[in-house]
Amino acid sequence: MARPILQQRSLASTATAFLYLRSISTAAVVAAPNPTSTVPLPSPPQSFNLRTRTPLEKQFETWLEKLKPGFTPYDVDEALRAQSDADLAFDIFRWTGQQRGYKHNSTTYLTMVQIAVSGKRYYHAETLVEEIVAGACSGSVPLYNSVIKFCCGRKFLFNRAFDVYKKMLNHEDTKPNLETYKLLLDSLLRRFNNVNVCHVYLRGVKSLSKQMKASGVIPDTFAMNMIIKAHAKCHELEQAIRVFREMTLYGNQPNLYTYCYLIHGLCEKGRVDEGLGFYKEMREKELLPKGSTFMILICSLAMEQRFKDSIRVINDMLDNSMAPDLLTYKTLLEGLCREVTKS
């Protein structure tokens, strides 16, 4: 009985030293006096700190006392989840990782990444990502998806997300799933700023779409809508319509966004009649277009001097408590005036 107690006390004292040394090194950056000065400087107020205050050593020791010698990743995961302070959780994660005979697994890394991100400790999260990519633990689909989600939300980590995706492809037990593909597709689409740039990223969308189908992952409506949107924005409308026709083959039904992406793309390309056809189809299904879709269709019809169709669409818009903007009214009125002048 004496040996476990002594070992437990040793762990606690080591933990105290671990926290004490870190607090001393942090304070030294702030309070180190000028070696050439003979006048002692006043110590800084205790409330001044460069980071969120680490909980008291006593609180840290309390958690380590619960992690008895021979603790497992399951025990560490429970301890991490119980923390309300992201810094304390990170201290526990680092300290346990330094203990002989213990190694973090995908579960503890996943929990720590989630805590770091939710606590806005992005520097810690980035460090964890690099460790995971380097192989610090065995991978899992939830862990890799969590890393991809974080990387997709950080501009300078965009390429890292695809590094993780490639890592997933190389292992049979971590093959990308539907969530993986949707995260990456969404990240690519957010970079479709203009027609010239979108063609660069469209290649990535096509590649992901091809790999998703080849691996047997069945896309849902959201994933297919993103693929349709990518093609429509780049004016590859035949491809967009082809994906639209494939939706029912995968058991998906087109929704409001599906039709809006197609109508926008077709009208921008001058294929107004086809755009009007998709508008009629969606209205038959009692789907209501967004205001921007109404307006681009009204303007496109007016510019082709199809005023009866244009007025029908604008009336539909007004009947559903939406109003065109000034540009839409101006386009329609100028077209009508030109028509009157000709006659």
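Counting with the UniProt record's numbering, you get residues 1 to 343 for the letters of the sequence shown.
Cβ atoms here follow ideal geometry from the backbone N, Cα and C, with glycine treated the same way.
Item, Value
"If Leu67 sits next to Asp75, beta carbons under 8 Å apart, how far is it from one beta carbon to the other, in whole angstroms?", "6 Å"
"Taking just the CA atoms, how far does Asn105 sit from Leu128?", "12 Å"
"Kindly list the residues whose CB is nearer than 6 Å to the CB of Ile115, restricted to its own chain and excluding five residues on each side of it in sequence; keep chain order.", "Ala86, Ala89"
"Secondary structure at Gln98, three-state DSSP: helix, strand or coil?", "coil"
"Would you mind stating whether Phe278 and Ile263 have Cβ atoms separated by less than 7 Å?", "yes"
"What are the start and end residues of the alpha helix (DSSP H) that includes Lys233?", "221 to 233"
"Starting from Tyr250, trace the alpha helix (DSSP H) both ways and give me its first and last residue.", "No alpha helix (DSSP H) holds Tyr250; DSSP gives it neither H nor E."
"Can you give the Cα-Cα distance for Leu288 and Met317, rounded to whole angstroms?", "9 Å"
"Look up Gln211 in the DSSP assignment and say whether it is helix, strand or coil.", "helix"
"List the endpoints of the continuous alpha helix (DSSP H) containing Leu67.", "Here Leu67 belongs to no alpha helix (DSSP H), and DSSP marks it neither H nor E."
"Less than 7 Å between the C-beta atoms of Val243 and Met212, yes or no?", "no"
"With Gln114 as the anchor, note down where its alpha helix (DSSP H) starts and where it stops.", "106 to 118"
"What residue range is occupied by the uninterrupted alpha helix (DSSP H) comprising Phe307?", "307 to 319"
"Could you check whether the segment 156 to 163 touches the segment 117 to 124, counting it as contact only if at least three pairs of C-beta atoms, one from each stretch, sit closer than 8 Å?", "no"
"Touching or not, the segment 139 to 147 and the segment 90 to 104, by the rule of three or more beta carbon pairs under 8 Å?", "no"
"When DSSP labels each residue in this structure, what does Ser84 get in the three-state scheme?", "coil"
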